[in-house]
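From first to last, the protein sequence lines stand for chains A and B.
In terms of the working numbering, the first sequence has 101 at position 118, counting the first letter as 1, and numbering is strictly consecutive.
In terms of the working numbering, the second sequence has 381 at position 400, counting the first letter as 1, and numbering is strictly consecutive.
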Amino acid sequence: MEAVLLTGRTLSQGMGVELGKSSSVYYRSVVTCEMNAEDMRRLGVAPGDPIRIITEHGSVVVRVVEALEEVPQGVIFIPYGPMINAIIGPETHGTGMPSFKGISVKLKVGGTAIPRGPGTQPRGNEEE
Amino acid sequence: MEIVTGVTCPFCGCLCDDLEVVIEGGRITNVKNGCAYSLAKYLNYQRERLLKPMVREGEELVAVSLEEAVERAAQILVDSIYPVLYGWSSTSSEAQRLGIELAEEVRGAIDNTSSVCHGPTVEALQELGHPGCTLGQVRNRADLIIYWGSNPLQSHLRHMSRYTIGAVGRWRRGREDRTLIVVDVRKTYTARVADYFIQVEPNKDFELLTALRMALMYEEIEQERVAGVPVEAIEEVAEILRGCEFGALFYGLGLTMSSGKNRNIDAAISLVRDLNRWTKFVMIPMRGHFNVAGANIVFLWQTGYPFAVDFSHGYPRYNPGVTSVIDILSRRESDASLIVASDPVANFPRRAVESLLENPLIVIDPHRTATAERADVVIPSALVGIECKGTAYRMDGVPLKMKKVVDPPPGCLSDEEILHRILEEVRRLRGE
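Right, dumping it as structure tokens:
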């Protein structure tokens, strides 16, 4: 399935930064993919299931949850963090700013999430 | 027990300055008036701290004296041809000023985190100007609030209660006297409490802003929908905008990080400029880090440019997309880095991170971060607003004093003092 990825700030991600970047609050928040309930049904995924997010810069595996802040069908939301930044492109279109929102991605059900580690390793996990 | 009043919070760009910090036995035990972020910051600031200066020997970071770490850091900068000095938004303006002096001394590029948040805002403001005001004016006067691409109920938790829809101002009694419009891709928590929620398609903000400008001028929009929004709804909102007494547009990274970037802000400024033909309208960016606005302001008054400043020719040059940190790293042009109060390894795209880690890396930070763990020199610092004082600029450009409420860990100096020592050492090594 194709989707548009938004990354952004959430309360738990921001609190996690203050609790420490090795904290479980931070880790859980940055490996969470918020999705529309109808998209979850179409993909056949339940909350907590792994899903692979693929861009031209790599892929990562994160966990699906139904978005509490409703996203439209075809849009997914993942909090800022080392996990998703691993597959965001460096192109800034002459502004200095990479595109952290509105990114075209492909979704593939399944995969193994990156194990939790200090700072959560800043690389993709396509080798898995 | 001691209670320090009038404390300014070093979390987000709201810089709430009404905190009361309770100290018992030299430790912070409670914070009154703070939001959840503020509480998390003040009650957990001792977690995952860097306590000893360290330098890398092989695979290991080894504890050394502060003098040794400063000397190693200065040596890396002196040996470098084109170092990048990055971060600067979670520290004091006094430290920012010294950072620029250091960048000029070592002929490096200096950039702050606005490069990856409101950099496009600053670029647009330079082109078109900025119809702004202080947050106090919004609280006292605004009867119409717009949050566009911003979700303060997740990011700036007291913004709505202190300054906008929930705030009691001199001429506004609070929620009943104010209209809230939210424009976002997602139906956010902020959108749920809005009077009007406009759900824009991803990357279509520019189109929607342009359509709103057309509707405002009674021009015909030859479409049924623009950016996923029915034209009737756009015309209805334009009517509301025209009819307000004092409107304030707060905009976030939904505009700067999406397709269009600085052009989205151009369109937003143009909309606000148009609205001032009908009524009073202002705009303020929702700044993230507590002193990222200060970073832009200090960079601007020191160099003439707000971010992405290059000193490689000995004088300041500015060209976002060329002299900005992501672009320098992506092109693998730099040969060393100094990171102050930031964690680019966690926050940058992968190619930029790989480039950063290929060269010597110096980190000055209070906390253990992914970047500090990969550094060659680590110098622990005191937290501005908690363990040392300084100046910070609120999102509306108002400078506020940050207080010291407790002592830093033994041996941890302020960023300002550490940078001063590195600067002196650089000058000594260069025989100046």
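Ideal Cβ placement from N, Cα and C applies to all residues, glycine included.
Nearest-angstrom beta carbon gap, residue j and residue i [assumed within contact, 8 Å]
{"i": "S323 of chain B", "j": "G100 of chain B", "result": "Contact flag wrong, Cβ pair sits at about 14 Å."}
{"i": "N68 of chain A", "j": "P330 of chain B", "result": "6 Å"}
{"i": "L229 of chain B", "j": "I179 of chain B", "result": "Sequence inspection shows Ala at residue 229 of chain B; the Leu mentioned does not correspond to that position. Not confirmed; about 17 Å, so no contact."}
{"i": "L337 of chain B", "j": "V326 of chain B", "result": "7 Å"}
{"i": "I215 of chain B", "j": "L193 of chain B", "result": "6 Å"}
{"i": "E17 of chain A", "j": "V48 of chain A", "result": "6 Å"}
{"i": "R139 of chain B", "j": "C16 of chain B", "result": "5 Å"}
{"i": "V12 of chain B", "j": "L(-4) of chain B", "result": "The pair is not a contact, with the Cβ atoms about 15 Å apart (cut-off 8 Å)."}
{"i": "L31 of chain B", "j": "R349 of chain B", "result": "6 Å"}
{"i": "E112 of chain A", "j": "G72 of chain A", "result": "There is no way to answer for residue 112 of chain A, as the model of chain A reaches only from -16 to 111."}
{"i": "V43 of chain A", "j": "I70 of chain A", "result": "6 Å"}
{"i": "V36 of chain B", "j": "D388 of chain B", "result": "With a Cβ gap of about 26 Å, V36 of chain B and D388 of chain B do not count as contacting."}
Classification of residue i by the beta-carbon crowding that lies within 10 angstroms, buried from 16 upward
{"i": "Y112 of chain A", "result": "As displayed, chain A neither begins before -16 nor continues past 111, which places residue 112 of chain A out of reach and without an answer."}
{"i": "T(-10) of chain A", "result": "buried"}
{"i": "W282 of chain B", "result": "exposed"}
{"i": "I61 of chain A", "result": "buried"}
{"i": "I9 of chain B", "result": "buried"}
{"i": "R24 of chain A", "result": "exposed"}
{"i": "Q56 of chain A", "result": "exposed"}
{"i": "Q77 of chain B", "result": "buried"}
{"i": "Y199 of chain B", "result": "exposed"}
{"i": "L51 of chain A", "result": "exposed"}
{"i": "K470 of chain B", "result": "The structure shown does not extend to residue 470 of chain B, since chain B is modelled only from -18 through 413, so no value can be given for it."}
{"i": "K4 of chain A", "result": "buried"}
{"i": "Y10 of chain A", "result": "buried"}
{"i": "K22 of chain B", "result": "buried"}
{"i": "R154 of chain B", "result": "exposed"}
{"i": "S96 of chain B", "result": "buried"}
{"i": "H294 of chain B", "result": "exposed"}
{"i": "G241 of chain B", "result": "buried"}
{"i": "T(-14) of chain B", "result": "exposed"}
{"i": "T95 of chain A", "result": "exposed"}
{"i": "V13 of chain A", "result": "buried"}
{"i": "E163 of chain B", "result": "Note on residue identity: the sequence assigns Val, not Glu, to residue 163 of chain B. That one is buried."}
{"i": "D60 of chain B", "result": "exposed"}
Simplified DSSP assignment, three categories, for residue i
{"i": "Q204 of chain B", "result": "coil"}
{"i": "I57 of chain B", "result": "helix"}
{"i": "F280 of chain B", "result": "helix"}
{"i": "P325 of chain B", "result": "helix"}
{"i": "H416 of chain B", "result": "Since the displayed chain B opens at -18 and closes at 413, residue 416 of chain B lies outside it and no answer follows."}
{"i": "R151 of chain B", "result": "coil"}
{"i": "Q104 of chain A", "result": "Per-residue confidence for Q104 of chain A stands at a pLDDT of 43, beneath the threshold of 50, marking its modelled position as unreliable; the derived number appears in the next sentence. The answer is coil: DSSP assigns Q104 of chain A none of H, G, I, E or B."}
{"i": "T94 of chain B", "result": "helix"}
{"i": "H137 of chain B", "result": "coil"}
{"i": "I127 of chain B", "result": "strand"}
{"i": "E110 of chain A", "result": "Confidence at E110 of chain A is low in this model, with a pLDDT of 34, below 50, so its placement is unreliable and the value that follows should be read with caution. Here E110 of chain A sits in coil by DSSP."}
{"i": "V(-12) of chain B", "result": "strand"}
{"i": "G269 of chain B", "result": "coil"}
{"i": "K370 of chain B", "result": "coil"}
{"i": "L193 of chain B", "result": "helix"}
{"i": "H348 of chain B", "result": "strand"}
{"i": "I70 of chain A", "result": "coil"}
{"i": "A(-14) of chain A", "result": "strand"}
Residue j beta carbon less than 8 Å from that of residue i
{"i": "I309 of chain B", "j": "A54 of chain B", "result": "no"}
{"i": "T284 of chain B", "j": "E75 of chain B", "result": "no"}
{"i": "R159 of chain B", "j": "L125 of chain B", "result": "yes"}
{"i": "Y177 of chain B", "j": "A274 of chain B", "result": "no"}
{"i": "R244 of chain B", "j": "F187 of chain B", "result": "yes"}
{"i": "E368 of chain B", "j": "K385 of chain B", "result": "yes"}
{"i": "W152 of chain B", "j": "G235 of chain B", "result": "no"}
{"i": "I399 of chain B", "j": "I343 of chain B", "result": "no"}
{"i": "S318 of chain B", "j": "P34 of chain B", "result": "no"}
{"i": "S311 of chain B", "j": "R332 of chain B", "result": "yes"}
{"i": "R424 of chain B", "j": "L252 of chain B", "result": "In the structure as shown, chain B begins at -18 and stops at 413. Residue 424 of chain B is therefore absent and cannot be evaluated."}
*Select from the stretch 280 to 299 of chain B all residues with a C-beta closer than 7 Å to any C-beta belonging to chain A, and list them in chain order.*
Residues passing the 7 Å Cβ filter: A289.
_Under 8 Å (Cβ pairs) to chain E, residues found in the stretch 77 to 91 of chain A_ = The structure shown contains no chain E; its protein chains are A and B.
*Closer than 7 Å, Cβ to Cβ, to anything on chain A: give me those residues from the stretch 133 to 165 of chain B, in chain order.*
Per Cβ criterion, the list reads Q135 and S136.
*Interface positions of the stretch 210 to 240 of chain B facing chain A (Cβ-Cβ less than 8 Å), listed along the chain*: Going along the stretch 210 to 240 of chain B in chain order, one finds L234, G235, T237, M238, S239 and S240 with a Cβ nearer than 8 Å to chain A.
*Quick one: which residues of the stretch 307 to 330 of chain B get their C-beta closer than 8 Å to a C-beta of chain A? List them in chain order.*
Close to chain A, meaning a Cβ-Cβ distance shorter than 8 Å, are the following residues of the stretch 307 to 330 of chain B: I307, D308, L310, S311, D324, V326, A327, N328, F329 and P330.
*the stretch 11 to 35 of chain A: which residues have C-beta closer than 8 Å to a C-beta of chain B, in chain order?*
For the stretch 11 to 35 of chain A, no residue has a beta-carbon sitting nearer than 8 Å to a beta-carbon of chain B.
*Residues in the stretch 380 to 398 of chain B with C-beta within 8 Å of chain A's C-beta atoms, listed in sequence order?*
Under the 8 Å Cβ criterion, the stretch 380 to 398 of chain B contributes no residue.
*Just by C-beta distance, which residues in the stretch 92 to 109 of chain B are closer than 7 Å to chain A?*
Against chain A - using a Cβ distance shorter than 7 Å - the residues of the stretch 92 to 109 of chain B are S96, V97, G100, P101 and E104.
*Determine which residues of the stretch 32 to 63 of chain B have a Cβ less than 9 Å from any Cβ of chain A, and write them out in chain order.*
Against chain A - using a Cβ distance shorter than 9 Å - the stretch 32 to 63 of chain B contributes no residues.
_Counting only Cβ-Cβ distances shorter than 7 Å, please list the residues of the stretch 181 to 207 of chain B near chain A, keeping chain order._
Cβ contacts with chain A come from P183 and N184.
*asked:* Residues of the stretch 34 to 48 of chain A in Cβ contact with chain B at a cutoff of 9 Å, in chain order, please.
replied: Here the close residues are H40 and G41.
*For the stretch 11 to 30 of chain B, which residues have a beta carbon sitting closer than 7 Å to at least one beta carbon of chain A?*
Listed in chain order, the positions of the stretch 11 to 30 of chain B with a beta carbon within less than 7 Å of a beta carbon of chain A are A17, Y18, A21, K22, N25, R28 and E29.
*Can you give me, in chain order, the residues of the stretch 241 to 257 of chain B that have a beta carbon less than 8 Å from any beta carbon in chain A?*
For the stretch 241 to 257 of chain B, which is checked against every Cβ of chain A, the residues closer than 8 Å are K242 and N243.
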